[in-house]
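Note sheet for the following structure.
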Amino acid sequence: MRFSLNDWRKQIAYFKRKNFKNIQKVRGIVNTFSFFIVWGYAGYFIANRADKSARETGIPHSVQVAKQSGDRYITKYNLNTGEKEVIDVHQIFAEKELEARQKALEERRLREEARLASSQSVLLQPTIDNIRLCFSLIQQCYHRRLEEEQTVRDDSLYVPSILLLRQFARFQNPSTFDELLQQFISLFELIPISSRKILDDLLCIISIILTKRIMISNDEVQQDLFIRFFRAFCLSVKKNPSFFYREFLGNFNQNLPIIGHYISCLLQLYEKINSLDYRMNIVETIWTIIYTNENEYRVIIGQVLACFLPGILKSLAQDFDSVHQRLAQTNLILLSYILRISVVRSAKYVNQTDSIKDELRDLVVERNEQWLTIVDTHLAPLLQRLTTNCANHESVHVRRALAILMLNILSFCSTWLKISSNIALKTMLVLVSTITNDQNENKIIKTLLEKLFKLPIEAVSVLPSSSTSIFTYENEFISEILNSSTITVSDHLLIDCQTDLFQLLDQQQDKFMYTDRRWRLQLFIGYYTFIHHHIDFLFDMDAFTEKLFRFILQTLDFDTLLRSHLNLLNGSSLPSRDYETFNQAEYDSVYKQLKPDVHDEIYQLINLFVASHSKFADYLFEQINRTKITDENNPKVFYLLSILYDKINFDHFDEHQQLLSSLTQLICDDHNQRRAQRRRRRKKDVEEPISIRNFTIYYLLQCLRTLTPLKQTVYLIDYIPLLLLCHSSIYTIIHQTSFVCLLAFSTDLPSFLVSQSEYIVDTSLRKLQTSSYDGYLILIEFIRLGNTRVINQPIMTHVIEQLLLELSCLPPVECIELTFQFLNVFCQQVIDIVGKKKPKAIVNSSVSKSLIEFALELQQQSQPMESSADEINEEKKEEHPWHRMLVSVVDIFQHFISHSNSHI
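Position 760, counted from 1, in the sequence shown is what my numbering calls 760; the numbers after and before it change by one each time, with no gaps.
Here's what the structure looks like:
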């Protein structure tokens with residue numbers, strides 16, 4: 001129900017009329033309370049306002065009233081005692097003014113003092129000139145004392161500089177603080193620290209500066225300068241080694257937390273700073289602290305590093321695969337030294353653990369078997385990652401540093417670190433088998449492994465290292481290993497070598513990544529290099545050879561190679577007829593893509609195995625699939641044979657003929673060969689892809705080029721015609737590769753073909769008699785590559801007669817086309833001869849008759865006897881000796897074409 005405004009007003013009016021008396025009573029009560037509240041507050045305000053001046057000035061109100069009324073004295077009556085006191089109004093006002101004046105003077109004095117203090121603090125701020133002046137005075141005092149006492153063993157001159165360093169908070173300007181650090185670096189180089197008091201003071205101040213200024217700063221330049229300052233401090237203390245290792249590092253009870261704090265801060269800065277030089281300074285600073293040649297001091301450092309080993313490994317591990325080669329090298333060297341002196345089995349440092357504090361006692365670890373097992377578990381993944389990233393590193397120095405690290409583990413930690421030592425041995429074997437340009441480096445690594453395996457070693461020359469101490473450790477370690485007589489590989493590692501070798505051979509997987517395949521090959525090469533004598537003695541070599549062959553087939557990924565170069569395998573073009581313009585370097589640059597990605601490792605493995613097992617070549621010939629030449633394993637076998645006979649002479653005629661028969665089966669199935677038979681065969685069998693066929697032919701030609709002896713003619717009788725047949729192929733890879741094989745015999749290809757002309761022509765004519773098209777193709781390529789030198793042979797007359805005879809018998813259309821091609825090329829070469837002037841030396845030669853001379857004799861024999869000598873001489877001048885042969889060819893063409901179909 002809704003009411004309007006008028007309705008509400010009516011309701012209110014009705015309520016007032018009905019309750020008028022009650023409303024009057026309530027209104028009276030409210031008015032009464034309001035009256036007392038308002039007037040009560042007004043009286044309080046007036047009284048408080050009247051007494052305000054008395055409270056502000058401290059002068060009673062009665063005195064102020066007396067002053068205003070002009071009275072000099074007033075009487076104060078005490079109600080409690082009843083006594084009366086006369087008060088002098090002027091005296092009270094005089095005292096209050098004096099008190100106010102003194103207060104104002106005091107405030108003025110304080111403000112003046114504050115102003116003077118601020119001006120004096122500005123004048124006393126440290127400046128670069130003041131810092132230099134202070135340290136120059138200290139150095140002058142040192143030199144003066146040095147002149148008086150000859151030797152100065154007191155380091156008390158550090159006291160004023162330490163007092164200055166304690167006020168590091170006042171050095172707000174970064175340049176002044178940098179200058180202070182620079183002056184300290186110079187002072188550390190001049191005066192060695194030799195007292196416990198100065199050492200403790202500096203350790204405490206350095207720790208405070210690290211925490212309150214360096215670690216929270218983003219100024220990398222100042223952080224690097226402080227790191228160099230700290231390194232100079234360590235070197236100054238280290239001038240007295242006994243004091244450094246016993247009082248500084250060996251004092252676990254006092255300095256162990258500080259040392260842990262220093263190492264933690266250095267590692268945090270290492271992770272925080274990204275500059276290469278700054279990180280190198282941090283690594284060299286850590287090296288300065290921990291490196292020593294004394295075994296007594298190494299015990300102390302090893303105990304200290306064992307307490308902080310997890311943090312050190314975590315920080316250094318992030319840069320092992322760094323793009324900065326120098327940083328990766330220094331990290332590897334540093335880690336190798338840390339593991340050598342810390343990962344050993346020993347009790348706690350006895351001299352200090354007896355008096356160490358209870359809260360620090362748990363920080364000092366006991367390097368027992370349990371602790372070493374934990375270290376081995378955490379170190380193994382790190383070493384595995386190191387091997388993956390650095391074993392095939394492009395830098396020789398990084399690989400050498402990695403070898404030093406792994407050799408450290410094998411030489412000094414293999415007894416306790418079982419898993420890590422196995423990984424280290426595998427890495428060393430991979431490094432030995434890695435093919436590099438620096439043969440001296442490989443020789444050093446191989447010599448060190450031979451030393452571990454107790455094999456006879458040769459003298460090696462160690463490469464000179466850098467002047468930095470961290471790099472000299474490599475040469476020191478290599479010399480130590482070579483001169484030691486007690487360092488050998490443990491027995492369990494030798495057993496693991498044999499087990500791992502056969503596990504490698506027995507692994508059956510379809511596909512491997514390139515890095516995995518290369519790693520397996522390098523590991524096998526390393527294993528076999530050092531334990532092949534044990535294998536030859538303990539195992540059946542036939543079974544081992546079969547496993548090795550299967551292992552090599554798995555590592556050769558020819559499927560990916562074939563799929564990646566389909567355009568190269570299927571490309572077609574006309575073969576080049578001018579051998580002089582052929583560029584061998586360009587051919588090698590293009591077809592090196594068909595070389596397997598693990599070619600270097602396979603080459604090394606084959607040479608290593610064949611050196612002790614010469615029958616491996618016979619085994620490879622047995623593995624050729626002669627029923628299906630395009631089998632996926634045949635290109636791999638051809639490739640292995642080409643590697644095997646790369647440097648040794650091949651003298652197996654029967655095997656060579658088998659390879660030629662395989663090439664015959666492949667190349668005789670070209671586009672112009674037995675098309676009708678191919679069509680019938682397609683209905684029964686699915687034809688292989690042309691890329692697989694060309695791929696197989698390529699490796700077979702490469703194999704034959706390596707195996708064929710150049711000086712033995714018996715091998716060339718069937719080989720050269722096949723190469724000419726391959727050169728007629730429309731596929732670029734086949735005719736270019738066959739051309740390279742021909743050029744391998746002689747750079748003067750026409751002269752070489754002339755010397756082999758009888759075998760080539762005989763083979764081609766025999767193929768014509770068997771209704772094969774290959775004879776035509778061989779003759780065509782024979783003439784094209786041999787040019788005018790080839791056709792200028794008496795045997796070519798017989799060839800032309802045979803082809804013309806074939807034409808007269810109406811052969812198939814394919815034979816007619818090929819005959820036309822041959823005669824076309826032949827006539828072009830004849831025209832080239834006719835167009836050139838005949839040299840007299842050829843005409844007067846009586847030793848050998850050219851085809852021109854042979855045709856001239858035939859022409860003279862066929863001329864009638866009744867012709868006069870003058871007419872004969874005129875005809876000789878008008879007609880060329882080749883004229884009649886060309887005329888006969890044209891006549892046969894005209895006769896044949898008149899009886900041919902429209903296609904011909």
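Yeah, the Cβ is synthetic: ideal placement off N, Cα and C, and Gly gets one too.
Exercise. Are the CB atoms of I760 and L749 nearer to each other than 9 angstroms?
Worked result: Cβ atoms of I760 and L749: not closer than 9 angstroms.
Exercise. For E284, which of helix, strand or coil comes out of DSSP?
Worked result: In the three-state reduction of the DSSP assignment, E284 falls in the helix class.
Exercise. Who pairs with I470 in a beta bridge, going by DSSP?
Worked result: Beta-bridge pairing links I470 to no other residue.
For this session: Assign D718 to one of three DSSP states: helix, strand, or coil.
Result: Coil at D718, not helix or strand.
For this session: Please list, in chain order, all residues of the same chain as Y158 whose beta carbon is under 6 angstroms from its beta carbon, the five residues on each side excluded.
Result: Excluding the 5 residues flanking it on each side, Y158 has same chain C-beta neighbours closer than 6 angstroms at I198, in chain order.
Problem set entry | Near the ligand FMN: S161 beta-carbon under 8 angstroms from a heavy atom | The ligand FMN is not part of the structure shown, which contains no ligands of any sort.
Problem set entry | Same chain, Cβ closer than 7 angstroms to S194, five either side skipped, listed in chain order | Cβ-Cβ distances below 7 angstroms link S194 to R153, D155, N240 and F243 in the same chain, with the five nearest sequence neighbours on each side left out; the list follows chain order.
For this session: Assign S846 to buried or exposed, taking buried as 16 or more other Cβ atoms, counted over all protein chains shown, within 10 Å of its Cβ.
Result: For S846, the predicted model reports a pLDDT of 40, less than 50, meaning its position is unreliable; a value from the coordinates is still stated below. So S846 counts as exposed.
For this session: Could you pull the start and end residues of the beta strand (DSSP E) that V365 belongs to?
Result: Going by DSSP, V365 is part of no beta strand (DSSP E) at all; its letter is neither H nor E.
Exercise. For the candidate residues R145, V344 and K18, whose alpha-carbon lies nearest to that of E369?
Worked result: The shortest CA-to-CA distance from E369 to any of R145, V344 and K18 is the one to V344.
For this session: Within the same chain, show all residues whose beta-carbon is closer than 6 angstroms to that of I263, passing over the 5 residues directly before and after it, in chain order.
Result: These residues qualify, in order along the chain: F308.
Exercise. Cα-Cα, which of R626, C726 and E655 is closest to I667?
Worked result: Each of R626, C726 and E655 was checked against the Cα of I667, and the nearest Cα belongs to C726.
For this session: Quick one: which unbroken alpha helix (DSSP H) runs of 4-plus residues sit fully inside the segment 220–270? Chain order, please.
Result: Correct list: 220–238.
Problem set entry | Exposure label - N583; buried when at least 16 CB within 10 Å | Burial call: exposed.
Problem set entry | Nearest to C204 (by Cα), restricted to the options R170, Q554, I162 and Y337 | Nearest C-alpha to C204 among R170, Q554, I162 and Y337: I162.
For this session: Less than 8 angstroms between the CB atoms is what I'm expecting for L905 and V304, so what's the real figure, rounded?
Result: In the structure as shown, the chain begins at 1 and stops at 904. Residue 905 is therefore absent and cannot be evaluated.
Problem set entry | Local Cβ density within 10 Å of G40, reported as buried at 16 or more and exposed below that | So G40 ends up on the exposed side.
Exercise. Tell me which same chain residues have a C-beta within less than 8 angstroms of the C-beta of L504, skipping the five on either side of it?
Worked result: Once the five neighbours on either side are set aside, the close Cβ partners of L504 are R520, L523, F524, Y527 and F551.
For this session: Inspect the CB distances between the segment 489–501 and the segment 390–404 and report whether three or more fall short of 8 angstroms.
Result: Look at the beta carbons and you see the segment 489–501 not touching the segment 390–404: under three pairs across the two are nearer than 8 angstroms.
Problem set entry | Rounded C-alpha distance that separates L724 from S738 | If you take the alpha carbons of L724 and S738, they lie about 7 angstroms apart.
Problem set entry | Span of the beta strand (DSSP E) around Y906 | Absent from the model: residue 906. The displayed extent of the chain is 1 to 904, so no value can be given.
Exercise. By DSSP, does V86 sit in helix, in strand, or in coil?
Worked result: The three-state reading of DSSP puts V86 in strand, counting E and B together.
For this session: Give the single residue among R563, F93 and L382 whose Cα lies nearest to the Cα of P310.
Result: Of R563, F93 and L382, the residue nearest in Cα terms is L382.
Exercise. When the Cα of E394 is compared with those of T434, V86 and S573, which residue comes out closest?
Worked result: Selected option, being the one with the closest Cα: T434.
Problem set entry | Whole alpha helix (DSSP H) elements within the segment 538–604, 4-residue minimum | Those alpha helix (DSSP H) runs which fall completely within the segment 538–604 and span 4+ residues are 541–555, 558–564, 566–570 and 584–591.
For this session: Report back the beta-carbon spacing between L917 and V637 to the nearest angstrom; my notes put them in contact at under 8 angstroms.
Result: In the structure displayed, the chain extends from 1 to 904; residue 917 sits before or after that span and is not available.
Problem set entry | Backbone CA spacing between V63 and E113 [nearest angstrom] | When rounded, the distance between both Cα atoms is 38 angstroms.
Problem set entry | W416 classed as buried or exposed, judged by whether at least 16 other C-beta atoms fall within 10 angstroms | By the neighbour-count rule (16 or more Cβ atoms within 10 Å), W416 is buried.
For this session: Could you check if Q91 is buried or exposed, using at least 16 other CB atoms within 10 Å of its CB as the buried criterion?
Result: Burial call: exposed.
For this session: Taking only the alpha-carbon atoms, compute the straight-line gap between L455 and S612 and give it to the nearest angstrom.
Result: Taken atom to atom, the span from the alpha-carbon of L455 to that of S612 is near 18 angstroms.
Exercise. Would Y473 pass as a contact of I333 if the rule is Cβ separation under 9 angstroms?
Worked result: Closer than 9 angstroms, so yes.
Exercise. Measuring CA to CA, which of N392, T545 and T486 is closest to T515?
Worked result: Selected option, being the one with the closest Cα: N392.
Exercise. Taking DSSP as the reference, what is the three-state secondary structure of Y731?
Worked result: Correct three-state label for Y731: strand.
For this session: Figure out for me which residue from V830, S315, T630 and V813 has the closest Cα to the Cα of G786.
Result: Of the candidates V830, S315, T630 and V813, the one whose C-alpha sits nearest the C-alpha of G786 is V830.
For this session: Just the C-alpha distance for N634 and I624, rounded to the nearest angstrom, thanks.
Result: Computed Cα separation, rounded: 6 angstroms.
Exercise. Going straight from the alpha carbon of D588 to that of H735, what length do you get?
Worked result: Those two C-alpha atoms are separated by around 14 angstroms.
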